[in-house]
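Structure first, commentary second.
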Amino acid sequence: MPLLAGVPLAAATLQVIADDAGVDVLHIKGAAVDDALLARRTVTDPETGAVTTRLVPRSSVDADVLVRPSHVKRFFAAMSAHRWTMVYRFEDGSAFEHASTWIRPGVCHADIHRTFPGIGLAAEQAFDALWADHHTIDLAGHPCAVPSLAGQRLILILHAVRGGDLTSRDIELAWTDASADERAAVDALAARLHAQVALAAGTGRLEDHRDHRAYPLWKALSGGDTSRTLLWWARVRAQPDPWLALRTAVHLVAPKRDRLQRELGHKPDALQIAKAWGHQLGLAASELGRLAGRAAARARRAR
Amino acid sequence: MTYRIPHRLGHVVLPPERDRPVAAYLMPLPDGDPVALHGTAALIWVVAAEGDPDVPAAVADLLGVDVDTIADETRAYLGSLLDARLLERAP
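Chains as they are written, first to last, in full-length UniProt numbering: chain A, 1 to 303; chain B, 1 to 91.
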């Protein structure tokens, strides 16, 4: 099935499951993006010469859903009862632990988000803020809840920044092409969601936040720096309290159990887990060495 | 007779593009398996789903053929779509 059909069908199944389970979900990115944020191309009719403008559908490979954090457990139980199978837990996904991946026969896979990287407000309150202005759109014939247009702009920008793609077409459509009022609405929402630093990274204003604890993280991410160690340190520094910093520090270097199990094809034993730890720590050590080398080179150039 | 889309039938219609004919992807939500209709089959479903009261005539018009040449087959196909619950009769 083409993704143009598989993605909205996956989104619609998730919405129906959520509706039946009394779960609040917001569809984000992909097929759920408002037409105002889609690229356009002109098409010339070869016979009549008439020129028309067509929307270019987003090329997404999965259905992305942000679920109210307090409803996650109920949603996962409902999904499991309706042919969906978890592939990766939150903890086995990105360093932000923000999304869990699920699959279902016949449609594309789904990423279920409980938070969105770049948003600093507590997850439940952040969802409330996005939910407050939501509306519905038609996906595969079913009404699906989506954030406000300002919310969609913000999410697209934060997503592009996290991927280190500051020249992303999404940023162009969501910010560069936006009017002053539209930008103001995004700024206001970012302030409510404590997402100003990540937004600033995507909109050329990151240096206004040099003193913020999240600055190094978004500086590194937006610069496309893929050094695990640098990102590890930036993620740890971005945490608001020592306990979260410690938890993040350990989690980011810990081998991911489910990923390991999928690679091995069976549940890892103690020795295999120990080897995975060794591998992770080895990677960290070699990257530390590389970072130290880069710092020394910078110091030599400065002299 | 007019038809309509059953409650909770997910549906995505992809218009024809280059070598690909019109296609309709249908799936009972939330637990069903997807069904793909292509070409004339998709056209019949789309015309019926839009509530056209004379589906064979509308399809014949779109295809540029005499309605008598397709009426029986179209009605038979509409029957199979009803049986599969991919369409339902409108009251």
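Even glycine gets a Cβ: it sits at the ideal position worked out from N, Cα and C.
Endpoints, alpha helix (DSSP H) assigned at residue i
{"i": "residue 216 of chain A", "result": "215-222"}
{"i": "residue 40 of chain B", "result": "40-49"}
{"i": "residue 17 of chain A", "result": "3-21"}
{"i": "residue 156 of chain A", "result": "149-162"}
{"i": "residue 186 of chain A", "result": "180-192"}
{"i": "residue 197 of chain A", "result": "196-202"}
Distance between beta carbons of residue j and residue i, contact taken as under 8 Å
{"i": "residue 92 of chain B", "j": "residue 23 of chain B", "result": "Past the edges of chain B, shown from 1 to 91, lies residue 92 of chain B, and the structure says nothing about it."}
{"i": "residue 161 of chain A", "j": "residue 118 of chain A", "result": "7 Å"}
{"i": "residue 8 of chain B", "j": "residue 28 of chain B", "result": "7 Å"}
{"i": "residue 134 of chain A", "j": "residue 146 of chain A", "result": "6 Å"}
{"i": "residue 149 of chain A", "j": "residue 34 of chain A", "result": "6 Å"}
{"i": "residue 66 of chain B", "j": "residue 60 of chain B", "result": "7 Å"}
{"i": "residue 141 of chain A", "j": "residue 214 of chain A", "result": "Contact flag wrong, Cβ pair sits at about 41 Å."}
{"i": "residue 104 of chain A", "j": "residue 131 of chain A", "result": "Rounded, the Cβ-Cβ distance is 25 Å, inconsistent with contact."}
{"i": "residue 69 of chain A", "j": "residue 116 of chain A", "result": "Rounded, the Cβ-Cβ distance is 11 Å, inconsistent with contact."}
{"i": "residue 153 of chain A", "j": "residue 122 of chain A", "result": "No, residue 153 of chain A and residue 122 of chain A are not in contact; Cβ-Cβ is about 22 Å, not under 8 Å."}
{"i": "residue 32 of chain A", "j": "residue 11 of chain A", "result": "7 Å"}
{"i": "residue 96 of chain A", "j": "residue 23 of chain A", "result": "With a Cβ gap of about 22 Å, residue 96 of chain A and residue 23 of chain A do not count as contacting."}
Extent of the continuous beta strand (DSSP E) to which residue i belongs
{"i": "residue 27 of chain B", "result": "23-28"}
{"i": "residue 143 of chain A", "result": "142-146"}
{"i": "residue 53 of chain A", "result": "51-55"}
{"i": "residue 136 of chain A", "result": "135-139"}
{"i": "residue 58 of chain A", "result": "From DSSP, residue 58 of chain A is part of no beta strand (DSSP E); its letter is neither H nor E."}
{"i": "residue 5 of chain B", "result": "Residue 5 of chain B -> no beta strand (DSSP E), and no H or E assigned at all."}
{"i": "residue 40 of chain A", "result": "40-44"}
{"i": "residue 64 of chain A", "result": "63-67"}
{"i": "residue 27 of chain A", "result": "25-28"}
Residue of the options minimising C-alpha distance to residue i
{"i": "residue 11 of chain B", "options": "B/20, B/18, B/50 and B/17", "result": "B/50"}
{"i": "residue 72 of chain B", "options": "B/57, B/82, B/85 and B/62", "result": "B/57"}
{"i": "residue 41 of chain A", "options": "A/4, A/176, A/20 and A/58", "result": "A/58"}
{"i": "residue 205 of chain A", "options": "A/263, A/3 and A/166", "result": "A/166"}
{"i": "residue 217 of chain A", "options": "A/203, A/208 and A/239", "result": "A/239"}
{"i": "residue 71 of chain A", "options": "A/193, A/20 and A/29", "result": "A/20"}
{"i": "residue 138 of chain A", "options": "A/1, A/9 and A/114", "result": "A/9"}
{"i": "residue 225 of chain A", "options": "A/164, A/272 and A/268", "result": "A/164"}
{"i": "residue 16 of chain B", "options": "B/83, B/46 and B/3", "result": "B/46"}
{"i": "residue 82 of chain A", "options": "A/114, A/96 and A/18", "result": "A/18"}
{"i": "residue 1 of chain A", "options": "B/55, B/2, B/1 and B/13", "result": "B/13"}
{"i": "residue 38 of chain A", "options": "A/54, A/264 and A/73", "result": "A/54"}
{"i": "residue 91 of chain A", "options": "A/267, A/247 and A/274", "result": "A/247"}
Beta-carbon gap between residue i and residue j smaller than 7 Å
{"i": "residue 108 of chain A", "j": "residue 27 of chain A", "result": "no"}
{"i": "residue 65 of chain A", "j": "residue 16 of chain A", "result": "no"}
{"i": "residue 61 of chain A", "j": "residue 3 of chain A", "result": "yes"}
{"i": "residue 199 of chain A", "j": "residue 191 of chain A", "result": "no"}
{"i": "residue 67 of chain A", "j": "residue 112 of chain A", "result": "yes"}
{"i": "residue 156 of chain A", "j": "residue 170 of chain A", "result": "yes"}
{"i": "residue 21 of chain B", "j": "residue 32 of chain B", "result": "no"}
{"i": "residue 99 of chain A", "j": "residue 106 of chain A", "result": "no"}
{"i": "residue 26 of chain B", "j": "residue 86 of chain B", "result": "yes"}
{"i": "residue 7 of chain A", "j": "residue 63 of chain A", "result": "yes"}
{"i": "residue 30 of chain B", "j": "residue 52 of chain A", "result": "no"}
{"i": "residue 4 of chain B", "j": "residue 90 of chain B", "result": "yes"}
{"i": "residue 197 of chain A", "j": "residue 212 of chain A", "result": "yes"}
{"i": "residue 243 of chain A", "j": "residue 203 of chain A", "result": "no"}
Any chain D beta carbon closer than 7 Å to residue i
{"i": "residue 13 of chain A", "result": "The structure shown contains no chain D; the protein chains it does contain are A and B."}
In the region 61-90 of chain B, which residue ranges form an unbroken alpha helix (DSSP H) of at least 4 residues, counting only runs that do not cross its ends? 67-83
Quick one: complete alpha helix (DSSP H) runs, 4+ long, within the region 70-127 of chain A? 72-80
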